[in-house]
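Chains as they are written, first to last, in this note's numbering: chain X, 1 to 234; chain W, 1001 to 1234. By construction, the Cβ of each residue, glycine as well, lies at the ideal position given by its N, Cα and C atoms. Okay, so here's the structure we're looking at.
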């Protein structure tokens, strides 16, 4: 029987690639998507399509209300999503889209699920290159969380560590596109835009980083875009 | 202005005492109760009453669905709550009421809320004496989570640590009763029983530990009980 892994699957290009990597590495996957009160449902729809594409049979979509925490444009519709920021600005400082402690909360939930399902590993698509402004996208954070996983679970106490895997941590968006191409990630099913319109907006931080990644990798992004970044910083 | 703290408030005798300690230590409190799909609502009602008793104005009750994790008698009605266990057994091995990684998930959420509200500390009423079988009730777990709090938040990166405080960690239940008496904890408003009947069952692990604590402290527990433990192990 294949070992199990829990993969945090948001529906974006990064987590779709992390899922493809977990499958390539031989894991039977439990995909975990979190309905945390995000502005729109498109991400969760994408997560379902991506899981189905890869034949993941165990996909859990759970409600974790992060709107009560507040303070983020991703969970509070009164806070606008920044648009047309220059690429050098993105990831330098904490943006309005930062959800406080989100990766800690997501990993905590994934850890409970991993303990309950007997999973050997948790995959999270965090990335420190394009999100250097997010404290919970740094390697030292994952090292600290690995200790929590070891000390805070019954399995860890028994010496059977649940491994926190961050395969995209040191990749650029272009690296991720190349890796995803190699593994057959269905880009057209993924959704990165912070807005939930019919077409991707093209000008939020997520769209800009995505477009830059595809451009640098020389791959065509199949998603339709409403607008294009003002400054391409090519 | 008083510094702020987030207090995890389940509605049980331990978290009510932790709240009283946070107030005594001079904090303006944001109480956080989690509706995680527990078997019954009595705990959350108790949390509301306890928060009101202490004049806490900011009490947030948030939904975090832990039922999808499964594997625990507290979130799955098909798994029976153990009754009439001998006191020596309680806390020795992981009981059916263990919710995998629950304290990690609760602390993760509290951390997000602390970051968003500018809180200096998080109080959690974990206790290693009576729950020695729970991995996430041990001091080394909290030390590891403190590192996550330091590395996984913007505040931590700026050197402004959100402190994880576990004032009950080394206390016996009798110590907690004595401390609570000193601080005026309204025991009649708290609820510890794993069942959600009109009267506390008296025979689940939580009731037995509570009764033992009151007995050893020489204080009368004002709650009505349906039954009494078979073996008192006095």
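Are there three or more Cβ pairs, one per stretch, closer than 8 Å when the stretch 118-125 of chain X is compared with the stretch 7-15 of chain X? With a cut-off of 8 Å, the stretch 7-15 of chain X and the stretch 118-125 of chain X count as touching, because enough Cβ pairs lie within range.
Inter-residue Cα distance where the pair is residue 247/X and residue 1051/W: Given a span of 1 to 234 for chain X in the structure shown, any question on residue 247/X remains unanswerable.
Mapping DSSP to helix, strand and coil, what is residue 14/X? Helix, per DSSP.
Residues in its own chain within less than 6 Å of residue 1068/W by CB, not counting five upstream and five downstream? Answer for residue 1068/W: no residue qualifies.
Assign residue 31/X to one of three DSSP states: helix, strand, or coil. Three-state DSSP puts residue 31/X in a strand.
Since residue 1182/W is in the beta strand (DSSP E), which residue starts that stretch and which ends it? If you look at residue 1182/W, you'll find it isn't in any beta strand (DSSP E); it sits in the alpha helix (DSSP H) that goes 1173-1183.
Short CB-CB distance (under 9 Å) between residue 1101/W and chain X: Residue 1101/W belongs to the set of residues whose beta carbon lies under 9 Å from a beta carbon in chain X.
Distance cutoff 9 Å, beta carbons only. Does residue 1015/W sit that close to anything in chain X? Not a single CB atom of chain X sits nearer than 9 Å to the CB of residue 1015/W.
What residues in its chain sit with their C-beta under 6 Å from that of residue 6/X, if we drop five residues either side in the sequence? So the list reads 30, 32, 110, 113, 114, 119, 122, once near-sequence residues are dropped.
Name the chain W residues that come within less than 9 Å of residue 62/X, Cβ to Cβ? Contact annotation for residue 62/X against chain W: 1064, 1065, 1066, 1067, 1068, 1069 [CB-CB distance below 9 Å, chain order].
Under 7 Å Cβ-Cβ, which residues of chain W neighbour residue 29/X? None at all; the shortest Cβ gap to chain W is about 16 Å.
Is the beta carbon of residue 1100/W less than 9 Å from the beta carbon of residue 1205/W? No. Outside cutoff.
Host beta strand (DSSP E) of residue 957/W (start-end): With chain W covering only 1001 through 1234, there is no way to say anything about residue 957/W.
Answer with buried or exposed for residue 38/X, where buried requires no fewer than 16 other C-beta atoms within 10 angstroms of its C-beta. Counting Cβ neighbours within 10 Å, residue 38/X comes out buried, since at least 16 surround it.
Taking any Cβ of chain C, which residues in the stretch 144-159 of chain X have a Cβ under 7 Å from it, in chain order? Of the protein chains in this structure, namely X and W, none is chain C.
Can you tell me the Cβ-Cβ gap for residue 200/X and residue 207/X, rounded? I've got them flagged as a contact below 8 Å. Sure, about 5 Å apart at Cβ, within 8 Å.
For residue 40/X, which residues from the same chain have a beta carbon less than 6 Å from its beta carbon, with the 5 sequence-adjacent residues on both sides left out? In the same chain as residue 40/X, and ignoring 5 residues on each side of it, the C-beta atoms closer than 6 Å to its own belong to 196, in chain order.
Mark residue 228/X as exposed unless 16 or more other C-beta atoms lie within 10 angstroms of its C-beta, in which case mark it buried. A residue is called buried once 16 or more other Cβ atoms fall within 10 Å of its Cβ, and residue 228/X, having fewer, is exposed.
Whether or not the stretch 44-60 of chain X and the stretch 183-192 of chain X are in contact is what I'm after, with contact meaning three or more pairs of Cβ atoms, one per stretch, closer than 8 Å; do they touch? Contact holds between the stretch 183-192 of chain X and the stretch 44-60 of chain X, because three or more Cβ pairs, one in each stretch, are under 8 Å apart.
Find out if the Cβ-Cβ distance for the pair residue 1155/W, residue 1162/W is shorter than 9 Å. It is a contact, given that the beta carbons lie within the stated cut-off.
If we ignore side chains and look at the alpha-carbon of each, how far apart do residue 234/X and residue 86/X end up? Unreliable placement is indicated for residue 234/X, whose pLDDT of 44 sits below 50; the coordinate value is still reported in the next sentence. Between residue 234/X and residue 86/X, the C-alpha separation is close to 11 Å.
Interface partners of residue 116/X on chain W, CB under 7 Å: Within chain W, the C-beta atoms nearer than 7 Å to that of residue 116/X come from 1069, 1070, 1071, 1100, in chain order.
Using beta-carbon positions only, say whether residue 1152/W and residue 27/X come within less than 9 Å of one another. For residue 1152/W and residue 27/X, no; Cβs fall outside 9 Å.
With residue 1059/W as the anchor, note down where its beta strand (DSSP E) starts and where it stops. From DSSP, the beta strand (DSSP E) with residue 1059/W extends over 1058-1063.
Give a yes or no on whether the C-beta atoms belonging to residue 1020/W and residue 1179/W are separated by under 9 Å. Contact flag set, yes.
Given a threshold of 16 other Cβ atoms within 10 Å of its Cβ, counted over all protein chains shown, does residue 18/X qualify as buried or as exposed? Buried, by the Cβ-count rule.
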